[in-house]
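Enquirer: Keeping their order, the protein sequence lines are chains W and S.
Residues in the first sequence are numbered from 201 upward in steps of one, following our numbering.
Residues in the second sequence are numbered from 15 upward in steps of one, following our numbering.
Ideal placement from N, C-alpha and C gives every residue a C-beta, glycine not left out.
Note that the structure is predicted; figures quoted are calculated from it, not measured.
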Amino acid sequence: MTMRDNQLLEMIERYLGGEMTLQEREEFEALRKKDASIDVKMAEHKDFTSLIKQYNERKKLETRLNAIHQEIDVHTLKEDLMAHPSWIVQMWRNHHSKISVAASVAILAILLTLFITGDLSNKDPRYIQLKREVDKIKGRTEQLNTKTDKIIKDGKANGPTINAKFKGTGFAITGNGYIVTNFHVVNGGDSVYVQNDAGESFHTKVIYTDPNNDLAFLQITDPNFKNLGPIPYTFKKSKSDLGEDVYTLGYPANDVKLSPGAVTGATGFKGDSTEYELYIPINPGNSGGPLLDSKGNIIGVINGKQTETTGVGFAKKSNYLLKAIESIPGDSLSKALSLNTKNTMANLSRTQQIKKLRNYVFMVKVYNQ
Amino acid sequence: MNNQLNVEIPSDSEVIIGILNNSDSVLKKLYLAYFPMVLQLIVNNNGDEDEAKDIYQEAIIVLYNKIKRGDFELSSKLKTYIYSVCRRLWLKRLKQMNRYAGGDIKDFEEFLPVEEEVERHEERDLQISKMGEALKLLGEPCKTIMEDFYMHNRSMQDICERFGYTNADNAKTQKYKCLQRLKKLFFQQ
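1) Under a three-way DSSP split, which group does W/P411 fall into?
2) Among W/S534, W/S494, W/T507, W/K331, whose alpha-carbon lies nearest the alpha-carbon of W/S549?
3) Kindly give me the distance between the Cβ atoms of W/I407 and W/L418, rounded to whole angstroms, as I take these residues to be in contact under 8 Å.
4) To which residues of the same chain is W/F402 closer than 6 Å at the C-beta, ignoring the five residues directly before and after it?
5) Helix, strand or coil for S/Q202, going by three-state DSSP, please let me know.
6) Is the segment 156-163 of chain S touching the segment 188-202 of chain S, taking contact as three or more C-beta pairs under 8 Å?
7) What is the DSSP secondary structure of W/A416, reduced to helix, strand or coil?
8) Can you list the residues of chain W that S/T187 reaches, using a CB-CB cut of under 8 Å?
9) Is the beta carbon of W/T467 within less than 8 Å of some heavy atom of the ligand SAH?
10) If we call anything under 9 Å between Cβ atoms a contact, is W/G489 one with W/F366?
11) In whole angstroms, what is the alpha-carbon distance linking W/N167 and W/M242?
12) For chain W, is any of its Cβ atoms less than 9 Å away from the one on S/A66?
13) Can you tell me which of the three DSSP states S/V128 falls into?
14) Counting along the chain, where does the beta strand (DSSP E) carrying W/Q395 start and finish?
15) Measuring only between beta-carbons, confirm whether S/L193 sits less than 9 Å from chain W.
16) Pull up the distance between the alpha-carbon of S/N35 and that of W/A303, whole angstroms please.
17) Pick out whichever of W/H245, W/Y567, W/E526 has its Cα sitting closest to the Cα of W/D390.
18) Does the pairing of the segment 55-66 of chain S with the segment 104-113 of chain S give three or more beta-carbon distances under 8 Å?
19) Using three-state DSSP, classify W/Y255 as helix, strand or coil.
20) Given 8 Å as the limit, is there contact between the segment 85-100 of chain S and the segment 260-278 of chain W, that is, 3 or more CB pairs closer than that?
21) Under 9 Å, CB to CB, which of the residues in the segment 253-264 of chain W have a partner in chain S?
22) For W/M563, list the residues DSSP reports as bridge partners.
23) Between which residues of its own chain and S/L196 is the CB-CB distance below 8 Å, once the five residues before and five after are set aside?
24) Would you tell me roughly how many angstroms separate the C-alpha atoms of W/A515 and W/N503, rounded to the nearest one?
25) Buried or exposed: which applies to S/D183, given that a residue is buried once 16 or more other Cβ atoms fall within 10 Å of its Cβ?
26) Using a Cβ cut-off of 9 Å (strictly closer), state whether S/Y45 contacts chain W.
27) Measure the Cβ-Cβ separation of W/L458 and W/Y447 and say whether it is below 9 Å.
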């Protein structure tokens, strides 16, 4: 018995569409077993009809994309993005052999000068990053002290019993456990703990780093951590002016210290426009601390000081902090990261501000084996 | 670049979930986020803005289908993936148009090897445009019957009423004839 093509097609469509009764289905499946060409026809039909569907979907998608595209000012965008060959390029094209010789001589001369003056090493001796390298003996004593304190206090130990290798400061950006510090503080560490004003340590995870801006973001992952409540400060988007009264709270020692100061420059070390220059007494351990203005706005993150001139420090400007926060990939965040927009410190005196602030500033302890 | 233009860059997972849920706003965010990157690539490598639009839309379609198939791995960044596909498509097009001077093209981002995927997309794309041509040549009422039945999943009963066929069998015969014609038009190209 040969079946007519249109009947077979109808059966295939009803079969694929799940419209057959149980009995029809069994019969059709028996037929497929007997005649292998039915399966081939079925596959071809499926491919072909899915192509009709795909054509339709593609047309719809193209319509959607074209509608979006119309909203872009392509012309202006193009002007901005074209690499215009400048007169320098023109000159290069015409005279590159002569320029090459002159340039090599100049480069040699510069290298020689840099080599002689010692500027070639990556570490500029006139600048230091302010993480605190904890020496072993001091560390041990301190560890013993903390341990004793802990035993006296509540008998339970938090944090590893090995010595912290580096210490710095960090501060909360949300109440639910996200903290920012400097990249150079946590770089190279195996585990990072933060310790609050009350001396409690919490384990954290480094969730994002922005080495360019010397920033690192931590999330407290410790089950003992309780939400800090709403952050009392906000993050300033605009730039701060020279002469602005500022201060930072940090851990250059084992308890929190205040350093008052002023913004003295719109650019940081060697003219770095992403930083402020400050006149402020800071020390190793202050790195990663918040820089606040008198209204309780975060205007920067402390990250270094000059060694030649006493009292000159640097802080990464807060808009770079905000940009870095925006670039944290969504999948690195297990909790919401929404920044506080309500400043509750604006009308407080500095002593009252600090009372609030100290609950949100942490000592960052970095361990490695 | 993107900061300058105040474009909001959606996170990769937001895009994937949005596309799976047919979100228009996410598609728009995705599109606006990376078009400047591709425009920069094309206009600085012998192309113009219309070509940038074509290449970019093709890459978005490749990505869209990949996400819909469920095989976009988060190990590669969307941005890198889009750039790599556009770069590959543009290199091919430059060669086809004999505008390719040889040597390296000017790059602005990192890129991944995506040759095979682009190849597969182009094969599929060819089939789809052949289908478009075949449908154009099909004529009425076949075109509408095919669209109703295979694109919009309308029932035979509906189609029957729309075209005033006196009984479902007539409609079925008509549909069968139309499908045969469409196949013929498709395969003879």
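Expert: Once the coordinates are examined:
1) In the structure shown, the three-state DSSP call for W/P411 is helix.
2) Looking only at W/S534, W/S494, W/T507, W/K331, the smallest Cα-Cα distance to W/S549 is reached by W/S494.
3) 7 Å
4) V394, I420, D422, F425
5) coil
6) yes
7) strand
8) N206
9) Absent from the structure shown: the ligand SAH. Ligands present: none.
10) no
11) Only positions 201 to 569 of chain W appear in the structure, and residue 167 of chain W is not among them; the question remains open.
12) yes
13) coil
14) 391-395
15) yes
16) 57 Å
17) Looking at W/H245, W/Y567, W/E526, the one whose alpha-carbon comes closest to that of W/D390 is W/Y567.
18) With the cut-off at 8 Å, the segment 55-66 of chain S and the segment 104-113 of chain S touch.
19) helix
20) no
21) K253, Q254, Y255, N256, E257, R258, K259, L261, E262, R264
22) W/T369, W/Q395
23) A148, L149, L152, C156, M160
24) 5 Å
25) exposed
26) yes
27) yes
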